[in-house]
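Under the numbering used here, the first residue of the sequence shown carries the number 1, and numbering increases by one thereafter.
Ideal placement from N, C-alpha and C gives every residue a C-beta, glycine not left out.
The structure displayed is predicted, hence computed values, not measured ones.
Notes for the one structure printed next.
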Amino acid sequence: MYDGDSVVINVRWADGSPDSWEPEEVMHLDSAQMLLNFWRLQGGRHKATGLREHRVLRVLKSKESRTDKDSRLYQCQWIGLPASDDYTTWLSLDEVTDIALGQWLVFVTGLDDIFG
1 MYDGDSVVIN VRWADGSPDS WEPEEVMHLD SAQMLLNFWR LQGGRHKATG LREHRVLRVL
61 KSKESRTDKD SRLYQCQWIG LPASDDYTTW LSLDEVTDIA LGQWLVFVTG LDDIFG
């Protein structure tokens, strides 16, 4: 099921709890390997959903820009994709704060629940 540019997944719980619809982002944070295996079995997230847009799951690290020593780049992991270098993207401060301000704030502050 789709919710705008994100996916909601019907989860069957191993402990016998009733099935429930869970946001892909929550599944990725709580059970990354299970979600990535699910997408692999579906032929990949893009093929299964047809969604062209990805959303940032988290900012992993930062580094100094090679072209502008006064700026930093931020390595972003995308929802539904592994954290490996093959699937992550380095974004400028403007790019990451434009599309993933909350994730960037979590990265720079170290606080998980900055919006209370």
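Is it right to say residue 100 is buried, meaning 16 or more other beta carbons lie within 10 angstroms of its own, or is it exposed? Looking up residue 100 in the sequence shown gives position 100. In summary, residue 100 is buried, with 16 or more beta-carbon neighbours lying within 10 Å of its beta-carbon over all protein chains present.
Counting C-beta neighbours from all protein chains within 10 Å, is the total for residue 58 16 or more, i.e. buried, or is it exposed? For the purposes of this step, residue 58 is taken as the residue at position 58 of the sequence shown. Result: buried.
Hey, quick one: how far does the alpha helix (DSSP H) through residue 25 stretch, first residue to last? Within the sequence shown, numbered from 1, the residue matching residue 25 stands at position 25. That run of the alpha helix (DSSP H) goes 24–30.
Beta-carbon gap between residue 60 and residue 83 smaller than 8 angstroms: Start at 1 with the first residue of the sequence shown, and residue 60 comes out as number 60. Start at 1 with the first residue of the sequence shown, and residue 83 comes out as number 83. Yes, Cβ-Cβ distance for residue 60 and residue 83 is below 8 angstroms.
For the beta strand (DSSP E) containing residue 90, list its first residue and its last residue. Taking the first residue of the sequence shown as position 1, residue 90 is located at position 90. 89–92 is the extent of the beta strand (DSSP E) around residue 90.
With 16 as the cutoff for other CB atoms within 10 Å, does residue 44 come out buried or exposed? For this step, residue 44 is matched to residue 44 along the sequence shown. Taking a 10 Å sphere around the C-beta of residue 44, we find fewer than 16 other C-beta atoms and assign the residue as exposed.
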